[in-house]
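Which chain is which? The protein sequence lines are C and D, in order. Quick note on the working numbering: the first sequence kicks off at 209 and runs consecutively. Quick note on the working numbering: the second sequence kicks off at -4 and runs consecutively. Heads up: the structure comes next, in structure tokens.
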Amino acid sequence: MKSWLLVISTAAALTAAETVVIRNARVLPITKPEFRGSILIRDGKIAEAGEKIAEPPGARIIDAAGQYVMPGIIDAHSHIATESTNEMTLSVTSMVDIRDVINPEHVSIYRALAGGVTTANILHGSANSVGGQCAIIKMRWGKGLQGILFEGAKPGLKFALGENPKRAGASPELRGTAATPRYPATRMGVEDVIRQAFTEARQYKKEWEEYRARIARGADAPPPRRDLRLEPLVEVLEGKRMAHVHAYRADEMLMMLRLAEEFGFRVRTMEHGLEGYKIAREIAAHGAGITTFSDWWAYKLEAYDAIPFNAAAMLRQGVLVSLNSDDVVTQLCAHLNLEAAKTVKYGGLTENEALALITINPAKQLEIDHRVGSIEAGKDADLVIYDKHPLSSYARVQKVLIDGQVYFDRDRDATERAEREARKKQLLEKQREQPKKQAPARRPS
Amino acid sequence: MKQAILLLALSSGLAAGAESAGSLAIRDARIVPVSGPVIAKGNVVIRNGLIEAVGANVTIPADAWILNGEGLTVYPGLIDGLSSWGIPEQTPTAAPASRTSRAAPPQTQPATGAAPAEPRGPTNSWVRAADLIRTNDRRAEAARNAGFTTAVTFPSGGIFAGQGAVINLAGEKPGQMVVASPVAQLLALSWGAAGEFPGSLMGAFAHIRQVLLDAGHYHRLQERYSRNPVGMKRPEYDRALEAVLETRRLLLPASRPVEVERAVKLCGEFREFDCIFYGGQEGYRAAEALRAAGRPVLVNLRWPERSRDSDPDREETLRQLELQERAPSSPAALAKAGVKFGFYSGGMERPRDLHRAAKRAIDAGLAPEAALRAFTLSIAEIYGVADRLGSIDKGKIANLVVTSGDIFQDKTQVKYVIIDGAKYEPAPETSEEASR
């Protein structure tokens, strides 16, 4: 049968209205101490979590004896599931929107699920000082484009500092495929481009405010031209859109914090921030978060001055820290739990603090912590079931639930693999049998 | 005597061997009007390029040239719903146009006077197919020989590729070929030269949005100015936006379900434009989304297949195999879902292959009548020209194809093609094949 579609149909068949009980589990709620007990899920939400809860008759039972349940992993920085990552051509590309190129059938979504990731922030790349619009998705595999977007989540806008955005202005061997160099070629230039963009956005905002005031007074006036490039920047100024800033070095991060304060907005997260440990107090004072790697560095000059203690050091100084995958570059999202585990060794975080780096902390950074990031009554039933403690390198994801529905099941996955193989074999045989002459001649047109 | 005149007419320079007469009648043929039930035996009378009468008991005028239709079937001329036929290949239209626009990007900000931040890039919205067609496109002749009388032909190149025209595939002058123009604006989700915005799929979407927004803005300013120019700065003329406003029918690509979702979203943002989706090859699993979208679909008949040049050791993915297997069942799925759809050639080289491709759709469950409609009346309806094309009805343009039998059968021969009332006899198929 159409077995790869089966994945879609089986997932879709489980309705959100179903009542589910996960029993006998070791529950890691993150925001509360660990306990042995059950989680009751109703209408896609966690209705109750505790040591003793009444199982309603007719509820679907998932027996998690000997297994661990934690909140679904939230990946604060990812590039999975898209059909393009960078709009390279200009230094300011805030008019492009990653939602236009998200592919809900991209296999990377299923792979993220298999790694326990239920939510991710999908960002534009870092090729330009002001990049494109970002979107938060839930890994609702098989649910289409509308189904995959995290409903009601605040959108983001990507900024990038340092080597990547200035490379476009560099010599031909560094800038790669781009035919002509474009401004900027230095870190100074990057700052200038961002400042210029916000200056224009402020002017644009003023223009619209004046227009609206004139209309409100009853005067007749033509509306200004809508500018899709400036609108997202205005939203950042107004706090309606989160600023995610790709940055490595301490000096450029400080530059960006100052620039944001000058324009009256807050940087929501610094992305990567490998030198964050040097300026943790300044970052905390601004109120920005940092989403970083545990021990991945030295892949370029600006990523050399890094330490494995970065996440822990910043956390201890009051910075909201998370760990991310930056997939599809790294394929880290298959084991973000192990990335978190490294902070126990390097920096001495508690187990719970380590797991918070991939659950409640990124949820706070993305302003979705009222919905996800911990196991609490009222939150979305986005859960991962591991066979071992998630900080163990032997732990494997057994089941992943989003909104109370099972989107990944290790046993089901095995069955479906066999079905897909059979279907593929059948189609290949059919293709071989087809008479050669039936294929019309193909010439380049 | 008559034959002598005919010979004279043929030799007097009608390149394609057309026979044009005041009145022509096809007698005693099986007639498939598409708009109504099949007439087992009847006559079609043609005068001045139009269908004067059709039916079982229609009188044949005394002055008519008579074509014996016994044993033959008459269909409306087939239409290629999205084509480049009539525009000889290598037409240097798009490239110079886009170079021009790069050199002098059109102003789009009459309100503030400032130039737009991003260049207008690959926008050739003002290019009209009707201005590009030539009588000597060899593909038009091949298409005629396969029973095609008409094509909805478009310029190519750029995201806003330009405005299409419904053309008949015969005529002594390009102007004679045009049936309706402009009928739609062709959008492609492609991008321009290296280094020029947009350079990605998401850039292409942003570009389309900004151009359509600019067009709306331009329209409001122009309207305002024409109402009362006193004291108002004159909005600058912009040929790109004029052209976008001229044809408010947009052709957008959509095949995969996610592409349908994206296209639906984009069209929903610009309700002052009508959308037609093209591609449609994954209709077998996007039919429901397309039905909900309520937009007509042009289905590309160039069914996906394994490339002949591909590495024989490379195994295709299950998705690719599934697509190749099931794409031809898309028209049947669309028909079942009640989606209006037409067919197009997708750049197939031999027009005869379109019949074979349609046959595959029929074999995959599409009713033959629905297949014929998708080649004729549905396309005419989609482009708003069903009042003159697409079926055998009194008063419509006399575009007909006369065959030896069921048009979708491989062994069926096209006996005559009638375009604007002029009769063409295809060269025997063997010579068409040999000439290739």
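A virtual CB, placed ideally from N, CA and C, is assigned to each residue, including glycine. These figures come from a predicted structure and were not determined experimentally.
query                                                                                                                                                                                  : result
Give the straight-line distance between the Cα atoms of D/Pro363 and D/Thr54, rounded to the nearest whole angstrom.                                                                   : 30 Å
Leaving out five residues before and five after C/Cys342 in sequence, what residues of the same chain have Cβ atoms less than 7 Å from its Cβ?                                         : Ile306, Asn329, Ile330, Leu331, His332, Pro363, Gly364, Leu365, Lys366, His452
Please identify, using Cβ separations under 7 Å, the residues of the segment 174 to 208 of chain D that lie next to chain C, in order along the chain.                                 : Ala189, Gly190, Glu191, Phe192, Pro193, Gly194, Ser195, Leu196, Met197, Gly198, Phe200, Ala201, Arg204, Gln205, Leu208
Apart from the five residues just before and just after D/Val49, which ones in its own chain have a Cβ nearer than 8 Å to its Cβ?                                                      : Ile26, Pro28, Ile34, Gly37, Asn38, Val39, Val40, Ile387, Asp388, Lys389
Within 10 angstroms of the Cβ of C/Asp617, are there 16 or more other Cβ atoms? Answer buried if so, exposed if not.                                                                   : buried
Considering C/Phe243, what are the terminal residues of the beta strand (DSSP E) in which it resides?                                                                                  : 243 to 250
When the Cα atoms are used, what is the spatial distance from D/Met227 to C/Ser334?                                                                                                    : 43 Å
Please list the partners that C/Gln354 has in chain D, where partner means a Cβ-to-Cβ separation under 8 Å.                                                                            : Glu256
Going by beta carbon distance, what residues of the same chain come within less than 7 Å of D/Ser250, once the five residues before and after it are set aside?                        : Gly274, Gly275, Gln276, Glu277
Return the first residue and the last residue of the alpha helix (DSSP H) that D/Ile203 is part of.                                                                                    : 196 to 222
Thinking D/Phe336 and D/Pro291 are a contact (beta carbons under 8 Å), I'd like their distance in whole angstroms, please.                                                             : 7 Å
At the 8 Å Cβ level, is D/Leu236 part of the contact set with chain C, yes or no?                                                                                                      : no
Taking Cβ-Cβ distances below 9 Å as the criterion, which residues of the segment 434 to 457 of chain C are in contact with chain D?                                                    : Arg434, Asp435, Leu436, Arg437, Leu438
Taking the alpha carbon of C/Asn336 as the point to measure from, which residue in C/Leu382, C/Ala589, C/Thr297, C/Asp428 has its own alpha carbon closest?                            : C/Thr297
With which residues is D/Gln158 paired in a DSSP beta bridge?                                                                                                                          : D/Arg123, D/Gln180
Helix, strand or coil, according to DSSP, for C/Met461 in the structure here?                                                                                                          : helix
Check whether the segment 151 to 169 of chain D touches the segment 215 to 222 of chain D, taking contact to mean three or more Cβ pairs, one atom from each stretch, closer than 8 Å. : no
Counting only C-beta atoms, is D/Pro248 closer than 8 Å to chain C at any point?                                                                                                       : no
Going along chain C in order, which residues have a C-beta closer than 9 Å to the C-beta of D/Leu470?                                                                                  : The requested residue 470 of chain D does not occur in the structure, where chain D is confined to residues -4 to 431.
Would you please state the rounded distance, in angstroms, between the beta carbons of C/Gly581 and C/Thr558? I believe it to be under 8 Å.                                            : With 8 Å as the limit, C/Gly581 and C/Thr558 do not qualify as a contact, their Cβ atoms being about 17 Å apart.
Over the uninterrupted beta strand (DSSP E) stretch that includes D/Cys270, give me the two end residues.                                                                              : 269 to 274
Applying the 10 Å Cβ sphere with the 16-neighbour rule, what's the burial state of D/Asn131?                                                                                           : exposed
CB C/Arg489 to CB C/Gln525, shorter than 8 Å?                                                                                                                                          : yes
Check whether the Cβ of C/Leu563 lies closer than 7 Å to any heavy atom of the ligand GTP, and answer yes or no.                                                                       : Looking for the ligand GTP in the displayed structure turns up nothing, as the structure carries no ligands at all.
Among residues of its own chain, excluding the 5 on either side of D/Gly211, which ones have a beta-carbon nearer than 8 Å to its beta-carbon?                                         : Phe265, Glu267
Please state whether the Cβ-Cβ distance between D/Pro177 and D/Thr242 is less than 8 Å.                                                                                                : yes
Comparing C-alpha positions only, which one of C/Thr290, C/Ala424, C/Pro432, C/Leu509 sits nearest to D/Asp209?                                                                        : C/Pro432
Considering only residues of the same chain and omitting the five flanking positions on each side of D/Ile377, which have a CB-CB separation below 8 Å?                                : Gly76, Ile271, Pro291, Leu293, Lys335, Gly337
Count the other CB atoms within 10 Å of the CB of C/Ala622; is the residue buried (16 or more) or exposed (fewer)?                                                                     : exposed
Quick one: grab the DSSP three-state call for D/Asn131.                                                                                                                                : coil
So, helix, strand or coil for D/Pro252, using DSSP?                                                                                                                                    : helix
Under 7 Å Cβ to Cβ from D/Gly333, same chain only, skipping five residues before and after it: list those, please.                                                                     : Arg286
Is the segment 63 to 80 of chain D close to the segment 324 to 332 of chain D, with three or more CB pairs under 8 Å?                                                                  : no
Measuring alpha carbon to alpha carbon, tell me which of D/Asp308, D/Arg297, D/Pro307, D/Leu384 ends up nearest D/Gly341.                                                              : D/Arg297
Between D/Arg133 and chain C, is there a C-beta pair that is closer than 8 Å?                                                                                                          : no
Beta-carbon of D/Pro446 versus every beta-carbon of chain C: anything under 8 Å?                                                                                                       : Because chain D here runs from -4 to 431, residue 446 of chain D falls outside it and cannot be looked at.
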